[in-house]
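Participant: Can you read through this structure? Questions will come right after.
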Amino acid sequence: MAGPGVPNRGDRPDLLTAAIFMGFGALGLWLARGLEAGTVAQMGAAYLPRVVCILLIGVGLVIGIAALRRDAVSIEAMRLRPLAVITLAIVGFAFAATHLGFVLAALWLIIAGSLADPGGKWRTVLLLAGGLTAFGALVFVKGLGVQVPLWPV
Amino acid sequence: MTFIDLLLLGFGEAMSPANLGFCLLGALLGTLIGVLPGIGPTATIAVLLPITFFLPPLAGIIMLAGIYYGAQYGGSTTAVLVNLPGEASAVVTTLDGYKMAQQGRAGAALAVAALGSFFAGTVATFGIALAGPMLSQFALSFGPAEYVALMIFGLLAATILASGPVLKAIGMILIGLLLGMVGTDQATGAERLTFGAVELFDGIDFIVIAIGLFGFSEIITNLERSGSEGVTVAPLTRLWPTRQDFRDSWAAVLRGTGIGTLLGLLPGGGATLASFSAYSLEKKVSRHPERFGTGVVEGVAAPEAANNAAAQSSFIPLLTLGIPSNNMMAMMLSAFMIHGITPGPSVLTNQPEIFWGLVASMWIGNLMLVIINLPMIGLWVKLLTVPYRLLYPAILLFCCIGVYSMNNRIFDVILAAGFGLLGYLFRKAKCEPGPLLLGFVLGPLLEANLRRTLLITQGDPSIFVERPISLTMLVATVALLGLMILPAFRKTREAAFQEDEA
């Protein structure tokens, strides 16, 4: 068997897991660095966070080392388009809802969101956007009383 | 008040027009999302949680509960008709159910599933009614040490009984605990882990995490895989089972109900585990195990009864002890808290109409579901032909409204989007997000009780082994851990989840 570190080794999803876990642990430790840990009897704000972070790093290490020794498993293909489009659509909704009102925000969300799916036809998208926006406005804003202005202030 | 009085109180509450309406709505919605693959009860409840804020407390909870057990009914419909389990708990139903459909016995399969589920639901409702007051009395003797031991047991059991490698699940729980600690520390008033952001002073909102991890990331992942193929539906002929079917299945229904009720109680248990276990049990007990997988009615009756029983009995730990046993229940806990109700022993004494109203509505909901599902099957199946590209914008909109309506803050939505990205990463890393939610919900409780315990004992941890209830929990936890190490147990567990992923 080839030695460790050669490309045909390494369970990638698990390595990613290890990275995530250790990342959170390290981040937590760094964020809590200024806080009082206190004693076991009188736990300060940082006591339990530090314990959890250390455990996280530990678990991450175990998973990572075990993953390095296994044969290579690749990560499912990443397609950037749905990820980027949906995220932008959501963020855009938030800004639009605050400054431009519900109707414009909803229209943005649905039209922009539909771009994530390459097979859509414009007519369907626009009809869907109109219909859903109307539904949302009626049910959520008028019906349930969600506090979002419908039109730009 | 006697038992009968309390039940009548419950039915009185549950039968008010508003509550009946919301029960129906929840049941319908639940069936709908159970039928549709790509959206599950967890995501739906996450989306609808903020909406329930605008509803009266009991109505909102009734609706959410309806969604949960309604989804079990819906999932079995597609499992039988289209070989597509709408819910994870319906995977086992596809094995024999679809075969029965191909033999032209789809109606029989669906009817057996519906009736079996109704029976199981009724039994489980009674279970809650009986167990509730008993367990609450028991819970009154719980001190902080017992709660800590119970939560640790619950968290660990949840990882072991859930799918995926235990170590990863433990890591997810730890991340959840960490996220739960963001914000102002209750005991010391210090703000921690907030990056200095004012918006995080009150901690991260449950909805933000739930919608981000389960709603947004689900949509992104589904779109990645995409491809809404046409579904071929098996023909629907006999609606009613034959007398032979009834004879074959009644014992299976009983066994399934028993397993379901039991497994629903366990932390981490739930509908999926229950349906798998019931199927395995039926196979073991049957005189013709080799016939399983060819269209045996017991193979449909048992898992269907089990998943319904489990869905309802998983409410028991939440309603009586205030501890959610899986992430669905974590959502329900949030729903209660949104209305200022802390589930636990106090609810039964101070607000009995909430508990008994919910119990009564569960039975009513089951009844509604049997009545709805059998005639409306054709409609549900037509819905399956709706392509995902029309569905996901609607889901996206509901998610966004849900998160934004909490505080009218851009920050919340952006944070939810961030959790969506995180959820996407988790899926790539093959980590289950469920335990994270559990850890998040239980984290603050765990910390508070741990602090209290150690404060009382001035740092001496031996209290955990001195008090009998706590000791029992810890022994059970160690036993579970020990089980995990045994190779035989691990093989069975992996085998069960292989079928799930297949």
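Going down the list, the sequences are from chains H and C. The opening position of the first sequence corresponds to residue 1 in the working numbering, with each subsequent residue numbered one higher. The opening position of the second sequence corresponds to residue 154 in the working numbering, with each subsequent residue numbered one higher. Heads up, the beta-carbon is just placed ideally off N, CA and C, and yes, glycines get one too.
1) Please name the residues in the stretch 39-56 of chain H whose beta-carbon is closer than 8 Å to at least one beta-carbon of chain C, in chain order.
2) Are the Cβ atoms of residue 186 of chain C and residue 227 of chain C separated by less than 9 Å?
3) With a Cβ-Cβ cutoff of 9 Å, do residue 599 of chain C and residue 305 of chain C count as a contact?
4) Tell me whether the beta-carbon of residue 517 of chain C lies closer than 9 Å to the beta-carbon of residue 182 of chain C.
5) At the 9 Å Cβ level, is residue 171 of chain C part of the contact set with chain H, yes or no?
6) Tell me the DSSP secondary structure of residue 275 of chain C in three-state form.
7) Note down, in chain order, every chain C residue with its Cβ under 8 Å from the Cβ of residue 16 of chain H.
8) Which class does residue 258 of chain C belong to by DSSP, given the choice of helix, strand or coil?
9) Could you check what DSSP says for residue 312 of chain C in three-state terms: helix, strand or coil?
10) Any beta carbon of chain H sitting closer than 9 Å to that of residue 558 of chain C?
11) Note down, in chain order, every chain C residue with its Cβ under 9 Å from the Cβ of residue 110 of chain H.
12) Could you tell me the boundaries of the alpha helix (DSSP H) in which residue 378 of chain C lies?
13) List, in order along the chain, the chain C residues whose C-beta lies closer than 7 Å to that of residue 120 of chain H?
14) When the Cα atoms are used, what is the spatial distance from residue 292 of chain C to residue 203 of chain C?
15) Expressed to the nearest angstrom, what Euclidean distance is found between the alpha-carbon atoms of residue 605 of chain C and residue 339 of chain C?
16) Express the C-alpha separation of residue 424 of chain C and residue 411 of chain C in angstroms, rounding to a whole number.
17) What residue range is occupied by the uninterrupted alpha helix (DSSP H) comprising residue 361 of chain C?
18) Counting only Cβ pairs nearer than 7 Å, list the residues of chain H close to residue 611 of chain C.
19) Measure the alpha-carbon distance for residue 581 of chain C versus residue 163 of chain C and round it to whole angstroms.
20) Could you pull the DSSP bridge partners for residue 14 of chain H from this structure?
21) Less than 9 Å between CB atoms is the rule here; does residue 94 of chain H satisfy it with respect to chain C?
22) Could you check the C-alpha separation between residue 274 of chain C and residue 472 of chain C for me, to the nearest Å?
23) Buried or exposed: where does residue 503 of chain C fall if 16 or more other Cβ atoms within 10 Å of its Cβ makes it buried?
24) Could you have a look at residue 600 of chain C and say whether DSSP puts it in helix, strand or coil?
25) Is the beta carbon of residue 526 of chain C sitting closer than 9 Å to the one on residue 195 of chain C?
26) For residue 59 of chain H and residue 26 of chain H, what's the separation of their Cα atoms in angstroms?
27) So, for residue 470 of chain C: in the same chain, excluding its five sequence neighbours on each side, which residues have a beta-carbon less than 6 Å away from its beta-carbon?
28) In the DSSP assignment, the alpha helix (DSSP H) including residue 509 of chain C goes from what residue to what residue?
29) Taking only beta-carbon positions, decide if residue 352 of chain C is within less than 9 Å of chain H.
30) Can the beta-carbon of residue 215 of chain C be found closer than 9 Å to that of residue 156 of chain C?
31) I'd like the list of long-range same chain contacts for residue 111 of chain H, defined as Cβ closer than 7 Å, with 5 residues on each side in sequence excluded.
32) Apart from the five residues just before and just after residue 10 of chain H, which ones in its own chain have a Cβ nearer than 7 Å to its Cβ?
33) Interface residues of chain H around residue 338 of chain C at Cβ under 8 Å?
34) Count the other C-beta atoms from every protein chain shown that fall within 10 angstroms of the C-beta of residue 321 of chain C, then say buried if there are 16 or more, exposed otherwise.
35) Could you give the C-beta distance for residue 325 of chain C and residue 588 of chain C, rounded to a whole number, given that I count them as a contact under 8 Å?
36) Here's the rule: buried if 16 or more other CB atoms are within 10 angstroms of the residue's CB, otherwise exposed. What is residue 375 of chain C?
Facilitator: Walking through what the data contain:
1) 39, 40, 41, 42, 43, 44, 45, 46, 48, 49, 52, 53, 55, 56
2) yes
3) yes
4) no
5) no
6) helix
7) 578, 581, 582
8) coil
9) helix
10) yes
11) 546, 547, 549, 550
12) 370-378
13) 542
14) 30 Å
15) 12 Å
16) 13 Å
17) 359-363
18) 41
19) 46 Å
20) Paired residues: none, contrary to the question.
21) yes
22) 17 Å
23) exposed
24) helix
25) no
26) 12 Å
27) 476, 478
28) 505-526
29) no
30) no
31) 125, 129
32) 67, 68, 72
33) 45
34) buried
35) 4 Å
36) buried
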